[in-house]
Amino acid sequence: FMKLLPSIYLVGSGSTGIYLTNYLDCNVYLVDCKTEYVLIDSGAGYDIKPLLSEINRIVRSDKPLSSILLTHHHGDHAGGAALLKELYHCRVYAPAAETASIVSADEHLMGLDVARDAGFYPPDYHFSPCQVDVMIQPGMSFSIGNTIFSVFDASGHSTAGVCYYLTKEQKHILFVGDLLCFNGLISLQNIPGANLEHYRDSVLSLESVPVDCFFPGHGCFSLSDGDKHIQKAISAFRSLAIPQNFI
Numbered sequence: 590f591m592k593l594l595p596s597i598y599l600v601g602s603g604s605t606g607i608y609l610t611n612y613l614d615c616n617v618y619l620v621d622c623k624t625e626y627v628l629i630d631s632g633a634g635y636d637i638k639p640l641l642s643e644i645n646r647i648v649r650s651d652k653p654l655s656s657i658l659l660t661h662h663h664g665d666h667a668g669g670a671a672l673l674k675e676l677y678h679c680r681v682y683a684p685a686a687e688t689a690s691i692v693s694a695d696e697h698l699m700g701l702d703v704a705r706d707a708g709f710y711p712p713d714y715h716f717s718p719c720q721v722d723v724m725i726q727p728g729m730s731f732s733i734g735n736t737i738f739s740v741f742d743a744s745g746h747s748t749a750g751v752c753y754y755l756t757k758e759q760k761h762i763l764f765v766g767d768l769l770c771f772n773g774l775i776s777l778q779n780i781p782g783a784n785l786e787h788y789r790d791s792v793l794s795l796e797s798v799p800v801d802c803f804f805p806g807h808g809c810f811s812l813s814d815g816d817k818h819i820q821k822a823i824s825a826f827r828s829l830a831i832p833q834n835f836i
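According to this note's numbering, the sequence shown is numbered sequentially starting from 590.
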């Protein structure tokens, strides 16, 4: 694992990141909420042993992994949630409008069938259905341990994805999912649920949000001046351009 801040760890990352765990995994972050730990996304669930090994180097029996906060329903972010929920007896939070696809493992709604056919996933990869305990939507805030999580819209990359925003160690932190990547790149894919107009609106909604630490679902992260990655994408949209695409 990588300790990014005193209370935040990178415990999973695949071929589009640091490559800590299975190549299909997104960046998976672990947040120390004093009495318990929270996972941001769950990886793909395809050979999950490396991710479990990293989590278990930190999580203890007297300080459990209590919650998984999913940014969206794509396989590389939510496919591991079912097994992690079973192993750690933790709650799963997911965007309300994407809950049905996670619970039913509807691979067409989440675009997995198209992505698999395009070679982004191996032929034998399938999404494991997962019960969702808490449905969330933009504008909500909730507390876990000593930490308040605020939810922002990240629709456009997927049907109804979200970002999670919090403050720790006097830093404003944004777990941005796949809405944005380092240097203001976006991830607009030709799959069900992707929508350029919604994408633009989601990015613009972050314009006045102070961000120090910028933690995306793929690629490099930023421990300071996180705003600049957001502002670069905003500048492109405001000039009627489309920001450069990551994937």
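Every residue gets a Cβ at the ideal spot worked out from N, C-alpha and C, and that includes glycine.
These numbers come from a predicted model, not from an experiment.
Item                                                                                                                                                                                             : Value
One question on the structure: do residue 613 and residue 599 come within less than 8 Å of each other, judged by their Cβ atoms?                                                                 : no
Taking 8 Å as the CB-CB cut-off, is residue 597 touching chain B?                                                                                                                                : Protein chain content of the structure displayed is limited to a single chain, and chain B is not contained in it.
Out of 793, 717, 769, which has the shortest C-alpha to C-alpha gap to residue 664?                                                                                                              : 717
Identify, in the order they occur along the chain, each residue of the same chain with its Cβ nearer than 6 Å to the Cβ of residue 635, setting aside the five sequence neighbours on each side. : 611, 613, 714
With a floor of 3 residues, list each beta strand (DSSP E) that falls wholly inside the stretch 695-746, ordered by position along the chain.                                                    : 723-725, 730-733, 736-742
The alpha helix (DSSP H) that contains residue 597, what's its start and end?                                                                                                                    : Careful: residue 597 lies outside any alpha helix (DSSP H), inside the beta strand (DSSP E) at 597-601.
State yes or no: is the C-beta of residue 769 within less than 8 Å of the C-beta of residue 825?                                                                                                 : no
Closest by CA to residue 682, which one among 662, 673, 697, 657?                                                                                                                                : 657
Does the stretch 784-796 come close enough to the stretch 742-762 that 3 or more CB-CB pairs lie under 8 Å?                                                                                      : yes
In chain order, what residues of the same chain have a beta carbon less than 8 Å from the beta carbon of residue 810, not counting five sequence neighbours either side?                         : 593, 599, 616, 771, 802, 803, 804
Going along the chain, which residues of its own chain have a beta-carbon closer than 6 Å to the beta-carbon of residue 671, five neighbours each way excluded?                                  : 717, 719
Measure the Cβ-Cβ separation of residue 648 and residue 691 and say whether it is below 8 Å.                                                                                                     : no
When burial is assigned at 16 or more other CB atoms within 10 Å of the CB, is residue 693 buried or exposed?                                                                                    : exposed
Give the list of continuous beta strand (DSSP E) stretches no shorter than 3 residues that lie fully inside the stretch 746-789.                                                                 : 751-757, 760-766
Whole angstroms are fine: how far does the CA of residue 666 sit from the CA of residue 604?                                                                                                     : 13 Å
Anyone know if the C-beta pair for residue 774 and residue 815 falls short of 8 Å?                                                                                                               : no
What separation, rounded to the nearest whole angstrom, lies between the Cα atoms of residue 632 and residue 668?                                                                                : 6 Å
Of all the options 596, 673, 618, which has the alpha carbon lying nearest to the alpha carbon of residue 624?                                                                                   : 596
From this set, 629, 660, 640, 783, which residue's C-alpha is nearest residue 697's C-alpha?                                                                                                     : 783
Can you tell me the Cα-Cα spacing of residue 673 and residue 629, whole angstroms?                                                                                                               : 12 Å
Out of 702, 660, 755, 799, which one is the CA nearest neighbour of residue 621?                                                                                                                 : 755
So if DSSP puts residue 793 in a beta bridge, which residue, or which two residues, is it bridged to?                                                                                            : Residue 793 pairs with nothing; no bridge assigned.
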